[in-house]
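Position one of the sequence shown corresponds to residue 0 (numbering that gives the first Met the number 0), numbered consecutively onward.
Think of the CB as a built atom: it goes at the ideal place given N, C-alpha and C, for glycine as much as any other residue.
The next block holds one structure in the form of structure tokens; read it before the comments.
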Amino acid sequence: MKIAIVAIGRLGRSPEADLVRLYAERATAAGRALGLGPVEVIEVEGRKSGKGSEAEALSAHLAESRVIACDERGRARSSRDFAAEIGRLRDDGVRRLVFLIGGADGLDPDLRARAQDTLAFGPQTWPHALARVMLAEQVYRSVTLLAGGPYHRD
């Protein structure tokens, strides 16, 4: 199952971009034997500012995908539950899983409603750059959990 993190905005050359890339590469390498990956990060820009334009830009990357919208009102999960969900989706034959991260004002309500599920990183509000890092790390952690690796400790 391919996994994509599709996010509004570009991180450019930053420590956050380096971390996202590192975790995506690690998840891709560790996930091959499990039928997971590659993990790709797609950064998009809306043609104009605002949720509607951002939704249009994000929507271009959703074809034939299971979509999970990252949203503060979403469903929080433990790392083990998140890993189990990714494993279930893979086992159910999902070919591509997309995680959406909106812009500064969040996701367009219509786009959020189109997603099959939501994901929250807890009740706090996180900068979008850090949300990408946290998501990429959790995807990597999920792969290592599914592989039975020592990365995750309870």
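Sixteen is the threshold: since fewer than 16 other Cβ atoms of the shown chains lie within 10 Å of the Cβ of residue 150, the residue is exposed.
Closest by C-alpha distance to residue 128, out of 109, 147, 101, is 101.
In the three-state reduction of the DSSP assignment, residue 83 falls in the helix class.
Here residue 131 is not near residue 66, since their CB atoms are 8 angstroms or more apart. One Cα belongs to residue 68, the other to residue 111, and the distance between them is close to 6 angstroms.
In this structure, the straight-line span from the alpha carbon of residue 87 to that of residue 134 is close to 18 angstroms. Shortest Cα-Cα distance from residue 41 to any of 80, 33, 106, 99 involves 99. In chain order, 38, 39, 40, 41, 60, 64, 95, 96, 97, 98 place their CB closer than 8 angstroms to the CB of residue 3, counting only its own chain and leaving out the 5 sequence neighbours on each side. Under a 10 Å Cβ-count criterion, residue 123 is classified as exposed, with fewer than 16 other Cβ atoms of the shown protein chains found around its own Cβ. Secondary structure at residue 91: coil, using DSSP grouped into helix, strand and coil. Counting other Cβ atoms within 10 Å of its Cβ, residue 107 reaches 16 or more and is therefore classed as buried. Within its own chain, the residues whose Cβ lies closer than 8 angstroms to the Cβ of residue 119, once the five positions on either side in sequence are excluded, are 69, 70, 71, 72, 73, 74, 75, listed in chain order. Listed in chain order, the alpha helix (DSSP H) runs fully inside the segment 19–72 are 50–58, counting runs of at least 4 residues.
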